[in-house]
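Participant:
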Amino acid sequence: MRTTQAPEYPLLTAAVAATEVGVTPATIRKWVQLKRLRPAGRQGKAFLYRLEDVFAAERATRRGT
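Read left to right, the sequence shown gives residues 1 to 65 (the UniProt record's numbering).
1) When we look at the beta-carbon of Ala57 and count the other beta-carbons within 10 Å, is it buried (16 or more) or exposed?
2) According to DSSP, which residues form a beta bridge with Tyr49?
3) Under the DSSP definition of a beta bridge, which residues are partnered with Arg29?
4) Return the bridge partner residues of Arg42 from the DSSP annotation.
5) Leaving aside the five residues before and after Tyr9 along the sequence, list all residues of the same chain whose C-beta is less than 6 Å from its C-beta, in chain order.
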């Protein structure tokens, strides 16, 4: 029997991740389009993101990279 472990980090929707970082969900989607951020999973049709990845994308945007 195969068991699935829960991730060690919470996965957040674009709306929740955007609120945590102080941007809009559209900004999260833009970062994905620009390849600054990759979804870490899915819940139904919604992409999920690791908060640390979202903060890294925000820092990269501020640096202009």
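Every residue gets a Cβ at the ideal spot worked out from N, C-alpha and C, and that includes glycine.
Nothing here was measured: the structure is a model prediction, and the numbers come from that model.
Facilitator: To lay it out plainly:
1) Within the sequence shown, the letter at position 57 stands for residue 57. With 16 or more other Cβ atoms within 10 Å, it is buried.
2) By 1-based counting over the sequence shown, the position of residue 49 is 49. The partner list for Tyr49 (beta bridge, DSSP) reads Leu12.
3) Within the sequence shown, residue 29 is the residue found at index 29, counting from 1. DSSP output for Arg29 lists no bridge partner at all.
4) As a working note, residue 42 is residue 42 in the sequence shown. DSSP lists Phe47 as partners of Arg42.
5) The count along the sequence shown starts at 1 and reaches residue 9 at position 9. Here the set comprises Arg50.
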